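Enquirer:
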Amino acid sequence: AVRLTALCTNGAATGPSGGQWNLSKKDCAALRTPSEIITILRRFTWMDREGLGQQGLEITKKILDWFEESNGAFEIVCSSILLAFDAAEENPRMRGKLIDFAHVDYSGTVGDAGVVRGLRNLVDYWQCARQY
């Protein structure tokens, strides 16, 4: 599953064209369909800042690659991807990290099939948001 949470300083984010939006944890928890997630990804990266969506896609792919290359060596349950950028910059650069490890074990057997599936879904959502 993919769960999105957007936190903005001062309660709202403002795009270069002046549009504002605010999304709470409660709003994000209500996202159920791929279409809703794709719409939020578009809002998060703003249509007039296409580069941010590409950066989000590349960051997600790098994290997915790490999991696929580890070949199930670790079992990670319940973590998050933090994506951040300075909305005040004219050409913002997105940064991303894997955070909030609730449980990590050396496995060698169970692996991270659920995490990989969720990351693949998120890659697909980023790609759809770019074409939306």
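Per our numbering: the sequence shown = residues 7 to 138.
C-beta: ideal position from N, C-alpha, C; glycine also.
Quick caveat, the model's predicted, so the values are computed rather than measured.
When you compare each of Gly59, Glu75, Asn127 and Asp130 to leucine 89 by their alpha carbons, which one comes out closest?
Expert: The residue with the shortest Cα to Cα distance from leucine 89 is Gly59.
Enquirer: Is it true that the region 69-78 meets the region 121-130, where meeting means three or more beta-carbon pairs spaced less than 8 Å apart?
Expert: In short, these stretches touch, since the Cβ pair count reaches three.
Enquirer: At which residues does the alpha helix (DSSP H) containing alanine 119 begin and terminate?
Expert: Segment 119-137, the alpha helix (DSSP H) holding alanine 119.
Enquirer: Could you give the DSSP three-state label for serine 41: helix, strand or coil?
Expert: Helix.
Enquirer: Going by CA-CA distance only, name the one from Arg48, Leu37 and Ile65 that's closest to cysteine 134.
Expert: Minimum Cα distance to cysteine 134 is reached at Arg48.
Enquirer: Starting from serine 86 and walking both ways along the beta strand (DSSP E), at which residues does that stretch end?
Expert: Segment 86-90, the beta strand (DSSP E) holding serine 86.
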